[in-house]
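Note sheet for the following structure.
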Amino acid sequence: MTVTIAGKTFNSRLMLGTGKFSDYEVMKQAHDASGAEIVTVAIRRVDIGAPGHVGLMDYIDTDKYWILPNTAGCQTIEEAVRVARLGKAMGINNWVKLEVIPDPKYLLPDPIATLEAAKQLIEENFVVLPYINADPLLAKRLEEAGCATVMPLASPIGTGQGVKTLENIKIIIEQASVPVVVDAGLGVPSEAAQVMEAGADCVLVNTAIAQAEDPAKMAKAFKLGVHAGRTAYEAGRIPVKPFASASSPTTGIVGKN
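For the sequence shown, the positions run 4 to 260 when the numbering used here is used.
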């Protein structure tokens, strides 16, 4: 079940967010239950310099989890690049989940700005994981630019609408030579299993876990859903047929000539 991103190998194909939890302790419990090894953190939420400050990073064991800084809240190329640089300056690492989202209602990422920001950050030796709409052509352009993954949405952020873009995600998976991480819109573990069965390499989940009635239990459920989906993909499903096919043999039946 391992997955390798930018030369770094992880034992879990589930990534988790850190926003929308009722408190940091609940977040920590969910992270522990998920088995995830990558957690994404909005750089603008990190305050590591305030004396006596207890904040988000105090509840994330950096020996256990790989931090994926993200540019949440950035609406332009310039903003996203500046915030990514800030994350590196904080000493977190040189990875960045790139988000450029000028649309306040549907929170859909800007494809042109995302590509341009990705190119700039790659030139500055960032490991870029771009969040995008499920656009196969854009995904290919980002891969060609040097992105470490592509991260197409299943449906708009935080909606819990499930997988609305599956056919496009399948095309992205077919064409990609880098890991495909399905990010945003998943509501339940069966939807994570669905995209993993289709061949996605990972899923990133935040709202569906953070706002569940029992976040830790939901995190464990997503862990199992991801594992089941990936195992099914590796096993190879049967072909879809237009007609029924008996599961028992029709030859050698007692009483039949």
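Don't be surprised by glycine CBs; every beta carbon is placed ideally from N, CA and C.
When C-alpha distances from N136 are compared across L124, A148, F129, T117, the shortest belongs to T117.
Counting along the chain, the unbroken alpha helix (DSSP H) around P114 starts and ends at 114–126. Under DSSP, V44 takes part in a beta bridge, and its partners are P72.
Each of F129, L140, K167 was checked against the Cα of C150, and the nearest Cα belongs to F129. With fewer than 16 neighbouring CB atoms inside 10 Å of its own CB, Y109 falls in the exposed class.
With respect to P72, G90 sits close: the two C-beta atoms are nearer than 9 Å. Across the set V181, A224, V29, D35, the C-alpha of V29 shows the shortest separation from the C-alpha of A213.
Excluding its 5 nearest sequence neighbours in each direction, Y27 has C-beta neighbours in its own chain below 7 Å: L59, Y62, listed in chain order. When the Cα atoms are used, V6 and K23 turn out to be separated by approximately 27 Å. The residue from P182, L145, V206 with its alpha-carbon nearest to that of A157 is V206. Using a 10 angstroms sphere on the CB of E146, the tally of other CB atoms reaches 16 or more, which defines it as buried. In this chain, the alpha helix (DSSP H) harbouring M199 covers 192–200.
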